[in-house]
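In the UniProt record's numbering, the protein residues as written are 1 to 220.
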């Protein structure tokens with residue numbers, strides 16, 4: 001008897017790893033899972049990870065995504081936020097669904113497009129992952145294979161920034177996208193404030209901080 005995905009029950013906070021999954025299998029699984037689902041997937045070199053996030057995961061994703069939008073707005077940088085879009089590329093044998101992602105430098109390249117194909121279009125400039133329970137190497141490998149230049153991973157307390165160098169991620173103290181801002185300390189601080197005092201209070205405070213901080217930078 002062949003096991004069907006509909007028979008598998010993955011609880012929030014848990015993940016399922018399937019091995020020896022061909023590209024055709026991966027494509028069929030995406031169809032079977034459908035678009036309206038809570039799970040997130042990552043696929044790399046025949047290994048498929050299916051993960052169902054916790055409630056805290058979703059709030060963390062929204063909080064950090066909102067903070068990134070504030071920075072981009074205050075710096076007057078055009079961007080596109082695509083959430084958990086499925087990005088895949090067969091030639092790299094990789095696919096992934098970010099918790100959040102942004103086109104920033106490459107925003108103009110995908111502007112107005114209803115569908116993004118990484119065979120022709122660039123990958124997101126920034127991907128954000130909330131890993132409250134485990135750090136997924138499968139996802140990291142997928143992002144690296146797809147060529148995402150910068151990856152942030154938040155574990156509920158601290159933020160790690162990874163930059164892509166020679167097709168591998170290396171940790172860094174400074175964002176390449178926002179080189180003049182202390183992202184590592186600021187983002188966790190205001191995510192915590194959002195949990196304690198509420199989203200609106202934190203966003204307003206963060207916006208004030210961005211405005212004041214950028215005024216102190218050279219040429220401002």
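For each residue, glycine too, the CB sits at the ideal point set by N, CA and C.
- Taking the CA atoms as reference points, residue 139 sits about 25 Å from residue 113.
- For the alpha helix (DSSP H) assignment, the uninterrupted runs of no fewer than 4 residues enclosed by the UniProt domain "Putative restriction endonuclease" (23-180) are, from N- to C-terminal side, 23-33, 55-74, 107-110 and 137-146.
- The three-state reading of DSSP puts residue 217 in coil, since its state is none of H, G, I, E or B.
- With contacts defined by Cβ atoms closer than 9 Å, residue 44 and residue 106 do not form a contacting pair.
- Of all alpha-carbon atoms in 177, 208 and 202, the one lying nearest the alpha-carbon of residue 103 is that of 177.
- The bridge partners DSSP lists for residue 18 are 48.
- Three or more beta-carbon pairs separated by less than 8 Å are not found between the stretch 69-77 and the stretch 33-52, which leaves the two stretches without contact.
- One alpha carbon belongs to residue 202, the other to residue 212, and they sit about 15 Å apart.
- Residue state for residue 182 is assigned as coil, using DSSP reduced to three classes.
- Within a 10 Å sphere around the beta-carbon of residue 61 sit 16 or more other beta-carbons, which makes this residue buried.
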